[in-house]
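Shown next, in structure tokens, is the structure this report addresses.
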Amino acid sequence: MGEDPAKNHYAQLNQGEENEMEIFGYKTQGWRRVLCIAGYILSCGALLLLFYWKPEWDVWAHCIRCSLEEADVVLLRTTDEFRIYSRKTVTWISVSALIKSRSDYPATAEEDSIFSKAIMKPSLQVKSIQVQKIRYVWNICAKQFQKVGALEDHHTCSAIHAKFGSGLTCNEQNVRRIICGPNTIDVPVIPIWKLLIKEVLNPFYVFQLFSVCLWFAEDYMEYATAIIIMSLLSIFLTVYDLRQQSVKLHRLVESHNNIMVTVCRNKEGFQELESHHLVPGDMLVLKEGKTLLPCDAILISGQCIVNESMLTGESIPVTKTHLPQADNFKPWRMHCAEDYKKHILFCGTEVVQTKADDRGVVKAVVLRTGFNTAKGDLVRSILYPKPMNFKLYRDALRFLMCLVAFAAIGMIYTVCVFALNGEEAGEVVKKALDVITIAVPPALPAALTTGIIYTQQRLKKKGIFCISPQRINMCGQLNLICFDKTGTLTEDGLDLWGLLPSERNCFQDFHSFPADRSLPWGPAFRAMAVCHSLIVWEGKIQGDPLDVKMFEATNWVIDDSSGHQIEGQGSTHARVVRPGPKASSAPVEGVTILHQFPFSSALQRMSVIAQEIGGEQQVFTKGAPEMVAMLCRAETVPSNFESKLLLYTAQGFRVIGLACKSLQAGKQSTDLPREEVESDLTFLGLLIMENRLKRETKPVLEELSAARIRSVMVTGDNIQTAVTVAKNAGMISPTNRVILVEANKIPGSFSASITWKPLEGNKTEDYGSLEHDSQTERRIRLALGSGQYHFAMSGKSYQIIAQHFRHLLPKLLLNGTVFARMSPGQKSSLVEEFQKLDYFVGMCGDGANDCGALKVAHAGISLSEQEASVASPFTSRTPSIACVPELIREGRAALVTSFCMFKYMALYSTIQYLGVLLLYWQLNSFGNYQFLFQDLAITTVIGVTMSFTGAYPKLVPYRPPSQLISPPLLLSVVLNILFSLSLQIFGFVVVQEQPWYSKTDIHSACLSMNNHIENSSSISSLGLHGMRDGAHGQTDNGYKSYENTTVWLLSTINCLIVALVFSKGKPFRQPIYTNYVFILVLIGQLGICLFLMFADIDDLYSKMDLVCTPTMWRISMVIMLAVTLAVSFLVEEAVIENRPLWLLLKKTFRYHSKSHYKRLQRVLEQDSAWPPLNETFFSDSVAISVEGNMGGHSNPTFDSNEDTL
């Protein structure tokens, strides 16, 4: 095969997309397979288990490398930092049954389609793989795997109309159906046995199984049974949780997997069929009335009103228009630019109303099917979430590895000691393996999850729901929160504040709402009555809240009942608005809305063509004032337009421009292109809306800023309004400066420019005079010197900076506070850029346009309970940002609890391990009941109750450590291990020095002390014991000895000391005494331990393998423990928890944070030229290509209109 296979052995799948993967080709070999099976049998299945954990080893063992073309197995690897491997088998799909003759061959229909390029001749088979629910087929020409289930992007608008306008033939449809698979978003409910097996094969549970088997072999039944019960409970809870999620998801998608639809067949007319038979390219016919859409489709004739709330979380009906029949060579998506979504009907949304044009029926071409659709994409993002990269979990693994290494040393020691003393080989192996189960605590993961479960329950009580519990710990690290503006920081709806009409290029008297006098009839009134996309749905006026408020102010009503005859146009389903009962008198009976150009965030405007009943046709446009003014004739725009606009936006108002023009009679209004309609307009005035801050916004942002957590605003609104809201909300303090960063592409070249301008308070005058300019400059420089400045930029500038000024982006993000006019894709990209600077980013938004950013962020908090928010890990029931500090508090508490748990578990296992190794020196060990008491009565109970401590109510201005392997934590563990070691060795050595000590006679102490002789019966019973022991040669069952009793009592109470010292309260958790259960448990356990130490109850002592010691020795043990407690507590408080001391050490050793943003801050502090003011830079002509959607997971259906006006 030469070097060829190596060359074509590797390729990339979904290049540039979120789920990008590397793909490698392999070919299975028979003899390797035989060897592997032999390996499975010889290793009793251990090799099979290893291959289950490491699929890449499985492929490397069974197969040899080959080109992707010859491969029968492919290995996939993700391109993120996790590099997760998965194995897929290549399958063959046969289409020979459908293609009987040459004439059936699909090539006749479309030479350039993937369907003709994938069928191999002469076998008529298609080679495919299925990855994360999406099918890829082998493209013979391009020699690569390609997605099927979606229409190719290269079609032009006219090609879509021409190729698919009359539907596919029956045969074409059948071939496509076999290759693409059924059009269903099928999420089967995973059977419980599958979930169980998957959970049980977790490496941790396999280790537990090994431990349990070993304990059964050593007759340590009780703890083994307890561990089995705990593990089963833990497995059962996890499986139950996964099963519930699976059922929930299944219900979410099953509703529209099978709907009856009408398709148009080429040469065969209309045909009814079930929706799972649909294929890309099919022609759908949409009937009157409500229908759920079973796929994504491009509207090619007519108009639709769609309710997209199940995908976007916005309950506003959206108007969809048909794809234009443009004759150019651009692919349809490029031709429609950012507005292509206006022509797409998305899967899972509901068509509320259809409106046919003069061509008869409403038709749409199927664009994507199954999991390729918008809804499928959302479901896949839930099924295959991005893995979390959190230091705590990586450190936990490293920590366990250290314990394993620790255990290995103990094993070697054990083997040496027992082998030199001539023990049986079987016993030596058992004892050596025992060391592993002692040193590596099997209860660790269970103890860690309990803390998270308690936090989850506390959050639930506060109305915050969490679908991804492992992210709770991440919340403890958040140091930057991005907020959406509308509906998050400000109230959802807008209030109409006033209208500033304009006539003959002069602004007229301001009209405020609600006023006693109603608005007089005139062009501005007509614009407010007709320029909207409202519909009457279920008896209520529905639509954009801004439109609703504007229309309600006119007191007119929508009459949606009848079709209206319009001269020369036949009957169409037009909407009519008429004066309502409360309306002021108007000289017309009503106005008919003939045609609508829906709102577009790219164009930042919407227009309608309307006609007064019996009057002429007119165009009305509303949108972003700057945009509307550009479309108006210059002589109609007031000269003080910009200063007036600035006056209102600077006060935080949302301003909308209105314009109109008359159309010449006789023109068919529906055929006019948008550009022609929206030109040479007459400016009518400004509509001013008020967007109030929510009551809790300011206090929450102040609390975050006091805790040194950065707040950033990411919105679709106007930049001036956004800056004002940021100032009012306290994101930007009054003394700080705002610098506007503007980037523009230079027309006719590939380069771009970037400018820094200071935004002055509410002053609208320009810095005309030079002297004034230099003063301002100086004043600003002073503010900048102290680091008190904020950058504000628009989405357009952000995109250009990301492409042309990549090196400046991190510097701008470091002080960027307001990002306005951001599209959903840009929001996700921004969050990812912040993460690259090593910020822990939280995102708080109210649903759909934030869907992508909510998923990408470390912690996404959605304030909407719609389906779209399924993508976000946290959902708050109350739509206010007060949940953000709450979540951070709980996250910090959970993180600290995890650390406490780790430290405690590490010490408990080390204490037990040291005790056992000391006793091994004398060929002794702890008895089964002694182990049981430590493992079950002490540790398990502490593990369950230690995490009950709640979060501290105040957010402190620093975060808990993010790593287990941080110096204070390590020092704490090491010192406490040393204290425990000294305590146990001291006890072990000193007991042997006592005058009453005897190595063989374990009753010498109590018998020789005459003052302790109780009644004769107890003596005789002791004597009998002694004789029986004597007969045995050593002790009862080999465990009883003075060393055993001393070491066991010391180590058991030492576990309690450690638990108390480690369970710290402030500053992240409430003081320990508030956790009553834990305190009671500790007191109870201490009581029992002291009772065991001082009680002379023979039956109890013989059961617990303890021996009687003089009272003086018991008191000296208590003193040793008291000293350990005092030293340990002092060290923890004075050294480990002493924040000023650690800060001093950092300063002394010049330790600087390695976070990217901290390093950058230090560099910029030294740079006197930053930030440049009133300067313009130019980029080189080479730009970095940034994908159109700016990366990240963007919600494919969303196009916020309410946010971009």
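Using our numbering, you'd call the opening residue of the sequence shown number 38 and step up by one each time. In this text, a Cβ means the ideal position worked out from N, Cα and C, and glycines have one as well. Remember, predicted model here, so these are calculated numbers, not experimental data.
Can you give the Cα-Cα distance for residue i and residue j, rounded to whole angstroms?
| i | j | result |
| --- | --- | --- |
| Glu779 | Ala789 | 11 Å |
| Ile475 | Tyr950 | 6 Å |
| Ala905 | Gly897 | Summary for Ala905: the model assigns pLDDT 44, below 50, so the residue's position carries little reliability; its value from the coordinates is reported in the next sentence. Roughly 12 Å between the two C-alpha positions. |
| Tyr242 | Leu481 | 11 Å |
| Leu777 | Phe544 | 28 Å |
| Glu715 | Leu382 | 25 Å |
| Thr591 | Met565 | 7 Å |
| Ile6 | Ile121 | Since the first residue shown for the chain is 38 and the last is 1242, residue 6 is missing from the structure and cannot be characterised. |
| Gln340 | Ser195 | 18 Å |
| Lys468 | Arg435 | 25 Å |
| Pro240 | Lys379 | 50 Å |
| Cys103 | Leu113 | 14 Å |
| Pro1005 | Ala988 | 21 Å |
| Phe1243 | Thr947 | Outside the displayed range of the chain (38 to 1242) lies residue 1243, so it cannot be described from this structure. |
| Cys207 | Gly407 | 20 Å |
| Ser917 | Lys1191 | 34 Å |
Using the DSSP secondary-structure output, state which residues sit across from residue i in a beta bridge.
| i | result |
| --- | --- |
| Tyr122 | Arg114 |
| Cys693 | Looking at the sequence shown, residue 693 is not Cys but Ile. For Ile693, which the question treats as bridged, DSSP gives the partners Leu724. |
| Val594 | Arg615 |
| Ala857 | Ser831 |
| Ala187 | Arg405 |
| Gln167 | Arg172 |
Can you tell me whether residue i is buried or exposed, with buried defined as 16 or more other CB within 10 angstroms of its CB?
| i | result |
| --- | --- |
| Thr262 | exposed |
| Tyr876 | buried |
| Met726 | buried |
| Phe1166 | exposed |
| Trp230 | exposed |
| Ser935 | buried |
| His1189 | exposed |
| Pro479 | buried |
| Val249 | buried |
| Asp95 | buried |
| Ile222 | buried |
| Tyr835 | buried |
| Met258 | exposed |
| Tyr1113 | exposed |
| Pro424 | exposed |
| His632 | buried |
| Glu927 | buried |
DSSP three-state label for residue i, please.
| i | result |
| --- | --- |
| His548 | strand |
| His895 | coil |
| Val1144 | coil |
| Cys519 | strand |
| Gln1107 | coil |
| Trp20 | Residue 20 lies beyond the stretch modelled for the chain, which goes from 38 to 1242, so this question has no answer here. |
| Tyr1113 | helix |
| Glu713 | helix |
| Pro582 | helix |
| Arg563 | helix |
| Asn510 | helix |
| Lys392 | strand |
| Ile60 | strand |
| His46 | coil |
Is residue i close to chain B, meaning its C-beta is less than 8 Å from at least one C-beta of that chain?
| i | result |
| --- | --- |
| Leu336 | Here chain B cannot be found, since the structure has a single protein chain. |
- [ ] Run through the segment 629 to 693 for me and flag every whole alpha helix (DSSP H) of 4 or more residues, listed as ranges in chain order.
- [x] Taken in chain order, the whole alpha helix (DSSP H) runs of length 4 or more contained in the segment 629 to 693 are 662 to 668, 678 to 686.
Task: Those runs of the beta strand (DSSP E) which lie wholly inside the segment 222 to 300 and span at least 3 residues - done: Whole beta strand (DSSP E) segments, 3+ residues: zero.
- [ ] Would you mind listing the alpha helix (DSSP H) stretches within the segment 921 to 977 that are 4+ residues and don't spill past its ends, in chain order?
- [x] Within the segment 921 to 977, complete alpha helix (DSSP H) segments of at least 4 residues are found at 965 to 969, given in chain order.
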